[in-house]
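Engineer:
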Amino acid sequence: MKTKKILHLGIFLLFFASTASAQSTDMMDWGWNWRDSAVVPAKGMEQRSRFLANDYPYPAKPRSQWELGFAAGTSMIIGDVRSKVGYGGGISLR
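Note that our numbering has the sequence shown beginning at 7, numbered continuously upward.
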């Protein structure tokens with residue numbers, strides 16, 4: 007019984023550690039590098055410099071870029087009714 011508790015605790019800690027280390031620590035938290043001046047247009051350079059000097063709360067808006075995304079995976083609803091695992095997909099353009 008004691009080894010079963012230790013095994014369950016170990017699995018829980020392993021799961022917790024894997025989710026804690028999944029967070030990104032680089033500067034790409036917003037989907038783009040806010041320190042890169044190449045993505046900021048000329049009209050936003052004043053706001054960028056104020057943001058870097060902590061005089062403005064938001065960084066300048068980056069240049070417009072197209073992004074095409076594909077997604078695939080399983081979909082399942084967890085509830086009080088038995089469900090079957092289904093497959094889903096998606097396409098996004100922004």
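All residues carry an ideal CB built from backbone N, CA and C; glycine is no exception.
Look at Arg-56 and Val-46 and say whether their C-beta atoms are less than 8 angstroms apart.
Structural biologist: no
Engineer: Terminal residues of the continuous beta strand (DSSP E) containing Lys-55?
Structural biologist: It should be pointed out that residue 55 corresponds to Ser in this sequence rather than to Lys. Not the beta strand (DSSP E): Ser-55 falls in the alpha helix (DSSP H), residues 51–58.
Engineer: Hey, Val-91 and Thr-80 are a contact pair by Cβ (cut 8 angstroms); roughly how many whole angstroms apart?
Structural biologist: With a Cβ gap of about 5 angstroms, Val-91 and Thr-80 count as contacting.
Engineer: How would you write the range of the beta strand (DSSP E) that Tyr-62 sits in, first residue to last?
Structural biologist: Here Tyr-62 belongs to no beta strand (DSSP E), and DSSP marks it neither H nor E.
Engineer: Starting from Ile-97, trace the beta strand (DSSP E) both ways and give me its first and last residue.
Structural biologist: 92–99
Engineer: Quick one: what's got a C-beta closer than 6 angstroms to Ala-78's C-beta in the same chain, skipping five residues either side?
Structural biologist: Gly-95
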